[in-house]
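J.:
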Amino acid sequence: MKQRKIISPIVYGVLVLLSLAGVVGIWYRFSQGLQVTALTSYVPWGIWVSAYIFLIGLAGGCVFLVSPYVLWGRKEFLNLVGPAFLAAGVSLAGGLIFIWIDLGNPWGFLNLYLHPNWDSSIVWEAWGYPIFLLVIAGELYLWYRPSLRKRMKLLKYLETLSCVLAFLVIWDSGSAFAQNFSRPLWHGGWEKPLTFILLAVISGAAFLLANHAGNNNRSPHPQKVDRELALVLLFGVILFAAIEGFRLWEAWSNSWSTVSGQAWKTIVSGPYWYVFWIGQLGLLMVVPIFSILLGLQRRDSRWLGFSGLSILVGVFASRLNFIIPGLVEPAFSKLDLAYQHPRLSVQYFPSLTEWTITIGLGAIIILAYLVIQRLLNHGNWMHVDGKKV
Amino acid sequence: MGIWGDQVTRQESLFNVSRRRFLGILTRLMAFLIALNLIPRISFARVKTPENKPSFNPLPNLENPILRMQHEVREALGKQEDSPDWTMAIDVNRCIGCHSCTIACIAENQLSSGMVYLPVLEQQSGHYPTLKQQFFPRPCMQCDNPPCVPVCPVDATYKREDGIVPVDYDRCIGCRACITACPYGARTFDFGEWHTQGTPVSPQPYETAHSPEYNENRSRRNGNSTVGIIRKCHFCIHRVEAGLLPACVTTCISGAITFGPGPKRNPDSLVSQKINQPTHRLKEQLGTQPRVFYLNADNLPS
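Protein chains in written order, with this note's numbering: chain A, 1 to 389; chain B, 1001 to 1302.
#1: Here's a check: name, in chain order, each residue in its chain whose Cβ is nearer than 7 Å to the Cβ of Phe132(A), leaving out the five neighbours to either side.
#2: Should the region 1233-1248 of chain B be called in touch with the region 1204-1218 of chain B, which here means at least 3 C-beta pairs below 8 Å?
#3: With which residues is Trp1086(B) paired in a DSSP beta bridge?
#4: With a cut-off of 8 Å on the beta carbons, I'd call Phe1191(B) and Leu327(A) a contact; round off their distance for me.
#5: Tell me the DSSP secondary structure of Leu1317(B) in three-state form.
#6: With a Cβ-Cβ cutoff of 8 Å, do Trp1086(B) and Gly1163(B) count as a contact?
#7: Could you check the C-alpha separation between Leu15(A) and Ala242(A) for me, to the nearest Å?
#8: Determine whether the beta carbon atoms of Val1102(B) and Val1116(B) lie at a separation below 8 Å.
#9: Taking the DSSP output, what are the residues bridged to Arg1218(B)?
#10: Please state the DSSP three-state secondary structure of Arg1187(B).
#11: Are there three or more Cβ pairs, one per stretch, closer than 8 Å when the region 169-178 of chain A is compared with the region 186-199 of chain A?
#12: What does the Cβ neighbour count give for Phe30(A), buried or exposed, with the cut at 16 atoms within 10 Å?
#13: Should Gly1262(B) be flagged as near chain A, meaning a C-beta pair shorter than 8 Å?
#14: Taking all protein chains shown into account, decide if Gly1287(B) is buried (16 or more other Cβ within 10 angstroms of its Cβ) or exposed.
#15: Please look up how many angstroms separate the CB atoms of Trp143(A) and Val81(A), rounded, as I've assumed it's under 8 Å.
#16: What does DSSP give as the partner residues of Asp1091(B) in its beta bridges?
#17: If you reduce the DSSP assignment to three classes, tell me which class Leu155(A) lands in.
#18: Let me know the secondary structure DSSP gives Val11(A) once reduced to three states.
#19: Less than 8 Å separating the beta-carbons of Leu55(A) and Gly89(A)?
#20: Could you pull out every residue in the same chain whose Cβ sits closer than 8 Å to the Cβ of Lys265(A), ignoring the five residues on either side in sequence?
#21: Let me know the secondary structure DSSP gives Ile1000(B) once reduced to three states.
#22: Can you find the residues in the same chain that come closer than 6 Å, C-beta to C-beta, to Phe1044(B), ignoring five residues on each side of it along the sequence?
#23: Are any of the Cβ atoms in chain A nearer than 8 Å to that of Phe1189(B)?
#24: So, helix, strand or coil for Glu125(A), using DSSP?
#25: So what does DSSP say about Gln297(A), is it helix, strand or coil?
#26: Check the Cβ-Cβ distances between Lys75(A) and every residue of chain B, and say whether any is below 8 Å.
#27: Could you tell me the alpha carbon to alpha carbon distance between Arg1046(B) and Phe109(A), rounded to whole angstroms?
#28: Taking Cβ-Cβ distances below 7 Å as the criterion, which residues of the region 1089-1103 of chain B are in contact with chain A?
#29: My output table needs one value for Lys1048(B): the three-state DSSP class, helix, strand or coil.
#30: Measure the beta-carbon distance from Asn180(A) to Arg1171(B) and round it to whole angstroms, keeping in mind my assumption that it falls under 8 Å.
#31: DSSP on His1234(B), reduced to helix/strand/coil?
#32: Based on the DSSP output, what are the partners of Val225(A) in its beta bridges?
#33: From Pro1150(B), Gly1174(B) and His1099(B), pick the residue whose C-alpha is nearest to that of Pro1119(B); which is it?
#34: Between Tyr144(A) and chain B, is there a C-beta pair that is closer than 8 Å?
#35: Residues in the same chain with beta-carbon distance under 7 Å from Phe349(A), minus the five sequence neighbours each way, listed in chain order, please.
#36: So, Leu1245(B) versus Met1069(B), is the Cβ gap smaller than 8 Å?
Here it is as structure tokens:
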């Protein structure tokens, strides 16, 4: 049985144009430095760091969700393996590019390996993610080389290693924020890294569901794997909603009087309220819950695919609402008035260059996924226990 | 041209000469006074090598707080076996909010557009009619338990024995994790902009002049630029190691800022006497152990 995915030339054309814009934007960033951004000394991280944590979560989630087949032999997850490895690889590479261009001194990244400070979580990420990327590359190689496909045992070892690495580095990323007592919105205990892991699983499942159920040309009825992914998403989204809802209730019940409460007030009623109400609440929680239930009840995989896309956008909005509001509350209530300058402001909205690079690099990631997938002829194979059918 | 005209001319000439002569004398006197002030600055090396114990001429009139603090700094530098334990005290009752310290710091450290090491926070307390306003110059706290140090992935920022928390400009990669970690907003990022940004004459020579920070003489135009990395207050360590006081201390017109070796090094120093009085530290509950103490603060900024 052959699966062919026909992508409209228009979509390819748009992606190429956006990618070119992204390349131009990146060149402009390197020629002018970070003054092309709208970042300030009081809001030093913005959309690029948000994109980074979104993409590393997506990579980790994809890796987690192929383990049912690779480690436990559940055949209904078979068709997800190739796309998951590929998506994990390109999104992780894209995430690392995002964080690299965000550095003030990008070429100084070598210092991370020459002069590492092992007390810093960032160093563990800097070492862990490239190793994770290499492991994913190895898994991709093993999966797509027919002569090597029989080496499932090696693939199992690599998958175990990649799951452990994904868990550790994503947990470490969450811990880096949780340990920061200067930012009350971020500061916390184990629930912060756990939220990172949860969002990683959610975004991985959302991508795989959108990719598989949404592109199901054979039948609109969802397959068993689609239903399982949908249930994973349903449970994950409800759990995330409960965690966020508790934090929001905590802030509201204290009349927004705490510093984290003020940050939450900024999130729900500040100038970018729509990121929370439409993105985080709507696209991440409300819309997917209804569309998943609708898709399961009507046995229509297109609703499930739509829910996956909605969740992906919602997770990105959630990451934006994690990074930026954590920084817009100044260290002192009138610090930005003590010496006024645009670069010493607590107001932040990404500049045109930041948007261009974010959208452009996102297009490059999607284009890379589609092109590599086509090159690997993933759609022409269905594998059952390593045998071509 | 009559006698009166001649006399007037002579008188005018005499007057003009006298005025000119007076101005000349005044100018020479001012130049002499300026030269007197410059001589100590020229005499001492701006770069102190570890092997050389700095020698300073004795300072007169130690009743003057500035001269006394300068003497204490030089005395602390003279004994290299003990760490100077640099400490700062700010009397908010003396601070009048003129922001001269902010500007002096910007001028001294050649700070670019959008960078400030020492903003002055304004804090109001009380209710009408007993309102009070106080000003809080906020340098880097040079914390003894700095939250910025462990988050730096490349050890670019670290704690020195003398109490200063510097930034290694060669090692910093500009990740800005330290900015997010600092609870005082004391770190700024050099975005590479100029004060004259967007004008036909940008940048001006004063903007591309070398900065004396850390005695490294960096310019923002050449290869060892500070663009793209973090910069922060370092108690003007390049001045301190030359036997001078931080620019903010010297500039403060009301004597609100006191600096010198702390109690561990010199319990009798002026700054030690200041912090022996009731003092507060900003965000002390975080456990960062700042080295900047505030006196007479009714309502700390939060």
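Think of the CB as a built atom: it goes at the ideal place given N, C-alpha and C, for glycine as much as any other residue.
T.: Once the coordinates are examined:
#1: Within the first sequence, numbered from 1, the residue matching residue 132(A) stands at position 132. Closer than 7 Å at the Cβ level, and outside the excluded window around Phe132(A), lie Leu92, Ser162, Leu165, Ala166 and Val169.
#2: yes
#3: The residue you call residue 1086(B) lines up with position 86 of the second sequence. DSSP, once it has assigned bridges, lists Pro1261(B) as partnering Trp1086(B).
#4: Along the second sequence, one-based indexing puts residue 1191(B) at 191. Along the first sequence, one-based indexing puts residue 327(A) at 327. The Cβ separation is near 16 Å, so there is no contact.
#5: Shown here, chain B extends from 1001 to 1302; a query on residue 1317(B) therefore has no answer.
#6: Taking the second sequence and counting its residues from 1, the one referred to as residue 1086(B) is at position 86. Taking the second sequence and counting its residues from 1, the one referred to as residue 1163(B) is at position 163. In this structure, Gly1163(B) lies closer than 8 Å to Trp1086(B) by Cβ.
#7: Translated into positions along the first sequence, residue 15(A) becomes position 15. Translated into positions along the first sequence, residue 242(A) becomes position 242. So the alpha carbons of these two residues sit roughly 36 Å apart.
#8: Taking the second sequence and counting its residues from 1, the one referred to as residue 1102(B) is at position 102. Taking the second sequence and counting its residues from 1, the one referred to as residue 1116(B) is at position 116. A quick correction: the sequence has Thr, not Val, at residue 1102(B). Going by C-beta atoms, Thr1102(B) is nearer than 8 Å to Val1116(B).
#9: Residue mapping note: residue 1218(B) aligns to position 218 of the second sequence, counting from 1. Ser1211(B), per the DSSP bridge assignment.
#10: On the second sequence, position 187 is the one that residue 1187(B) refers to. Residue state, collapsed to three classes: strand.
#11: yes
#12: Counting from one through the first sequence, the residue named residue 30(A) turns up at place 30. Phe30(A) is exposed by the Cβ-count criterion.
#13: Within the second sequence, residue 1262(B) is the residue found at index 262, counting from 1. Not closer than 8 Å to any Cβ of chain A, the Cβ of Gly1262(B) fails to qualify, so no.
#14: As a working mapping, residue 1287(B) is identified with position 287 in the second sequence. Exposed, since its Cβ has fewer than 16 Cβ neighbours within 10 Å.
#15: For the purposes of this step, residue 143(A) is taken as the residue at position 143 of the first sequence. For the purposes of this step, residue 81(A) is taken as the residue at position 81 of the first sequence. Between Val81(A) and Trp143(A) the Cβ distance is about 6 Å, and since that is below 8 Å, they are a contact.
#16: For the purposes of this step, residue 1091(B) is taken as residue 91 along the second sequence, with counting starting at 1. Leu1295(B), per the DSSP bridge assignment.
#17: Locating residue 155(A) in the first sequence gives position 155, where the first residue counts as 1. Three-state result, Leu155(A): helix.
#18: Your numbering for residue 11(A) matches position 11 in the first sequence. Residue state, collapsed to three classes: helix.
#19: In the first sequence, the residue the question calls residue 55(A) occupies position 55. In the first sequence, the residue the question calls residue 89(A) occupies position 89. It is not a contact, given that the beta carbons lie outside the stated cut-off.
#20: Start at 1 with the first residue of the first sequence, and residue 265(A) comes out as number 265. Here the set comprises Ala251 and Trp256.
#21: Chain B is shown from 1001 up to 1302; residue 1000(B) falls before or after that span and cannot be answered.
#22: Residue 1044(B) sits at position 44 when you count from the first residue of the second sequence. Bear in mind that a pLDDT of 35 at Phe1044(B), under 50, signals an unreliable position, so the number given afterwards is only what the model happens to contain. If we look at Phe1044(B) and ignore the five residues flanking it on each side, its Cβ neighbours are Ala1242 and Gly1243.
#23: Walking along the second sequence from the start, residue 1189(B) turns up at place 189. Yes, because at least one Cβ of chain A sits closer than 8 Å to the Cβ of Phe1189(B).
#24: Residue mapping note: residue 125(A) aligns to position 125 of the first sequence, counting from 1. Three-state DSSP puts Glu125(A) in a helix.
#25: The residue you call residue 297(A) lines up with position 297 of the first sequence. The answer is helix: DSSP assigns Gln297(A) an H, G or I state.
#26: By 1-based counting over the first sequence, the position of residue 75(A) is 75. Judged by the 8 Å Cβ criterion, Lys75(A) is not in contact with chain B.
#27: For the purposes of this step, residue 1046(B) is identified with residue 46 of the second sequence, where counting begins at 1. For the purposes of this step, residue 109(A) is identified with residue 109 of the first sequence, where counting begins at 1. With a pLDDT of 29 at Arg1046(B), under the threshold of 50, the modelled position of this residue cannot be trusted, and the question is left open.
#28: Thr1102
#29: By 1-based counting over the second sequence, the position of residue 1048(B) is 48. Annotation note: pLDDT 33 at Lys1048(B) (below 50); position unreliable, no value reported.
#30: One-based indexing of the first sequence puts residue 180(A) at position 180. One-based indexing of the second sequence puts residue 1171(B) at position 171. 22 Å between Cβ atoms; not a contact.
#31: Along the second sequence, one-based indexing puts residue 1234(B) at 234. Of the three classes helix, strand and coil, the one that applies to His1234(B) here is coil, per DSSP.
#32: Counted from its first residue, the first sequence places residue 225(A) at position 225. Answer is none; Val225(A) lacks a bridge partner.
#33: Residue mapping note: residue 1119(B) aligns to position 119 of the second sequence, counting from 1. Considering only alpha carbons, the answer is His1099(B).
#34: Residue mapping note: residue 144(A) aligns to position 144 of the first sequence, counting from 1. No, no contact with chain B.
#35: Along the first sequence, one-based indexing puts residue 349(A) at 349. Ala38.
#36: Locating residue 1245(B) in the second sequence gives position 245, counting from the first residue. Locating residue 1069(B) in the second sequence gives position 69, counting from the first residue. Yes. Within cutoff.
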